[in-house]
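Residue numbers (the working numbering): 5 to 449.
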């Protein structure tokens, strides 16, 4: 692709075909052969309903002169004709339309032949995001001030082919309009995510291979939320997803586990106020806020929906453990209510219809879509205890449970005093003791 740095008015165009090709070569900044071969292939097309080349050629005694003249600014846009016939044969439909083809030269007023070749759709798709900033602007392709406010695009998602082709074109056009003074930005996109494909039996789904999964069947049997949940859980978004019927069953069972525990205790917690900071020592309260933090970060930072859903599964397991014995409504109901509220909100992006039903069952009379996203309590996620692994000569020999904030010196003393560690020391004095704060003690004998 190329663009014109110094062309201002039609009069500056070369007056013969050889000079025109030479000028094209200077614009392309490549060899003459490259310019002749490349440029027509970049922009030449015979389709009539894609990007038009809004220009005309002079005509002298009904002979087309090789001088291209840009259409006057006030005459833009050039509209497509309505008398075209799509025969699939011969010339472009535009070339067959006399109403469109025959026009007047914008410089001399003489007869002219309008350009009937069109450009590939990538020309438009390479800068549409700039037009989105001011879609009703009529004086230019886009409003510079609006583009300066909205651009650049925060998140760009597309297939892996976009990482080379469309991204290259979009970056080129952005830098082109920047050099022309139409835009002050330098890059079109802030972040690119190329999502993987859904495959089955190790191959891309194809009717010819007979490995296509009918989404209507899955949705009819399991529901749209199950299909969505499985797709998001089965693999990170940038990786290919191997379709697995057992995995779909697993996603379906997980939603039923949530449904079961919420409805089992819905009467006990329906009119209960959720627990607050005073419950920071409760294990389920802590797990709830750890999960809020984990899911929020996984969604916002890396689009790791699979690990976010895994965190929700861990939270549900904790909820079942919390309610497995005798349930005390006065003591446990507020904590369980806060956990159920958070779980319902956190599952909503992955299973929105399911979450909406749970939200109503909890006594809410407005849509969950209008509810705020939960925010974790920093103090609640601070551990009161830590587990320290103790190794002797590289092998795990014991684990210690100590108060959070225990100093390295005290951790070392506790490790060396542990009966299992003493057994493997066999009365020998350690050559070295390495303490990894809050995680590990390595004893070398």
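The beta-carbon is built from N, C-alpha and C at its ideal position, and this holds for glycine as well.
May I ask which residues mark the beginning and end of the alpha helix (DSSP H) holding residue 423? 423–429 is the span of the alpha helix (DSSP H), which, as asked, contains residue 423.
Where do the N-terminal and C-terminal ends of the beta strand (DSSP E) with residue 395 fall, by residue? Where residue 395 is concerned, the enclosing beta strand (DSSP E) stretches over 389–396.
Extent of the continuous alpha helix (DSSP H) to which residue 150 belongs: Taken as a continuous stretch (DSSP letters only), the alpha helix (DSSP H) holding residue 150 covers 148–154.
State the start and end residues of the unbroken alpha helix (DSSP H) segment that holds residue 290. For residue 290, the enclosing alpha helix (DSSP H) starts and ends at 287–301.
Along the alpha helix (DSSP H) that carries residue 255, what are the first and last residues, could you check? Note, residue 255: alpha helix (DSSP H), 249–273.
Would DSSP call residue 88 helix, strand or coil? Coil.
On a CA-only basis, which of 99, 119, 338, 420 is nearest residue 278? Give me that one, please. Nearest C-alpha to residue 278: 338.
So, using beta-carbon positions, are residue 281 and residue 384 closer together than 9 Å? In contact: residue 281 and residue 384 (Cβ atoms closer than 9 Å).
Scan the segment 126–192 and note each continuous beta strand (DSSP E) run of 3 residues or more that stays entirely inside, going in chain order. The segment 126–192 contains these whole beta strand (DSSP E) runs: 160–162.
Note down the Cα distance separating residue 38 from residue 248, rounded to an integer number of angstroms. Summary for residue 38: the model assigns pLDDT 44, below 50, so the residue's position carries little reliability; its value from the coordinates is reported in the next sentence. Distance between the alpha carbons of residue 38 and residue 248 is about 50 Å.
What are the residues that DSSP puts in a beta bridge with residue 451? No statement about residue 451 is possible, as the shown extent of the chain runs from 5 to 449 and does not include it.
Assign residue 87 to buried or exposed, taking buried as 16 or more other Cβ atoms, counted over all protein chains shown, within 10 Å of its Cβ. Sixteen is the threshold: since fewer than 16 other Cβ atoms of the shown chains lie within 10 Å of the Cβ of residue 87, the residue is exposed.
Among 286, 212, 325, 438, nearest to residue 335 - alpha-carbon criterion: Closest in C-alpha terms to residue 335, from the list 286, 212, 325, 438, comes 286.
Exposed or buried, which one is residue 345 when buried takes at least 16 other CB atoms within 10 Å? Residue burial annotation: residue 345 is buried, with at least 16 other C-beta atoms found within 10 angstroms of its C-beta.
Determine whether the beta carbon atoms of residue 98 and residue 84 lie at a separation below 9 Å. Taking a C-beta distance under 9 Å as the contact criterion, residue 98 and residue 84 qualify as a contact pair.
I want to know whether the segment 107–123 touches the segment 152–164 - three or more CB-CB distances under 8 Å. Taking 8 Å as the limit for Cβ pairs, the verdict is that the segment 152–164 does not touch the segment 107–123.
My understanding is that residue 403 touches residue 392, with C-beta atoms under 8 Å, so please give their C-beta distance in whole angstroms. Right, their Cβ atoms sit about 7 Å apart.
Starting from the C-beta of residue 167, find all residues in its chain whose C-beta is less than 6 Å away, skip the five residues before and the five after it, and write them out in chain order. So the qualifying residues of the chain are 198.
Check whether the segment 230–249 and the segment 349–361 touch, using three or more Cβ-Cβ pairs below 8 Å as the test. Touching, yes.
May I have the straight-line CA-CA distance separating residue 142 from residue 136, to the nearest angstrom? Approximately 13 Å, taken between the alpha carbons.
Can you name the start and end residues of the alpha helix (DSSP H) that residue 440 belongs to? That residue, residue 440, is in no alpha helix (DSSP H); its beta strand (DSSP E) goes 436–440.
Is the distance from the Cβ of residue 269 to the Cβ of residue 327 below 9 Å? Yes, the Cβ-Cβ distance between residue 269 and residue 327 is below 9 Å.
State the DSSP-derived secondary structure class of residue 235, mapped to helix, strand or coil. In this structure, residue 235 counts as helix in the three-state DSSP scheme.
Touch test, the segment 261–275 against the segment 355–371, Cβ-Cβ under 8 Å, three pairs minimum: Between the segment 261–275 and the segment 355–371 there are three or more C-beta pairs closer than 8 Å, enough to call the two in contact.
Report all residues from its chain with a CB closer than 7 Å to the CB of residue 120; omit the five preceding and five following residues, and keep chain order. Contacts found: 96, 98, 99, 105.
Quick one: what does DSSP say residue 446 is sitting in, helix, strand or coil? Per DSSP, reduced to three states, the secondary structure at residue 446 is strand.
Taking the C-alpha atoms as reference points, what is the distance between residue 441 and residue 412? Approximately 6 Å, taken between the alpha carbons.
For residue 299, collect the residues of the same chain with a Cβ closer than 6 Å to its Cβ; drop the 5 residues on either side in sequence, then sort them by chain order. 312, 315, 350.
Spatial neighbours of residue 226 within its chain, please: C-beta separation below 7 Å, excluding the five flanking residues on both sides. When the five nearest sequence neighbours on each side are left out, the beta carbons in the same chain lying within less than 7 Å of the beta carbon of residue 226 are those of 252, 256, in order along the chain.
Cβ contact check for the segment 157–177 and the segment 187–201: 3 or more pairs under 8 Å: With three or more CB-CB distances shorter than 8 Å, the segment 157–177 counts as touching the segment 187–201.
Determine contact between the segment 371–390 and the segment 289–303, defined as no fewer than three beta-carbon pairs at a distance below 8 Å. Yes: the two stretches touch, three or more of their Cβ pairs being nearer than 8 Å.
Which of the three DSSP states, helix, strand or coil, is assigned to residue 308? Under the three-state reduction of DSSP output, residue 308 falls in the coil class, being neither helix nor strand.
Between residue 429 and residue 396, what straight-line distance do the alpha-carbon atoms span, to the nearest angstrom? For residue 429 and residue 396, the distance between alpha carbons rounds to 8 Å.
Spatial neighbours of residue 134 within its chain, please: CB distance less than 6 Å, with the 5 preceding and 5 following residues excluded, ordered by chain position. If we look at residue 134 and ignore the five residues flanking it on each side, its Cβ neighbours are 146, 151.
Rounded to the nearest angstrom, how far is the Cβ of residue 129 from that of residue 170, given a contact under 8 Å? Correct: roughly 7 Å between the Cβ atoms.
Residues bridged to residue 203 (per DSSP): Beta-bridge partners assigned by DSSP to residue 203: 208, 246.
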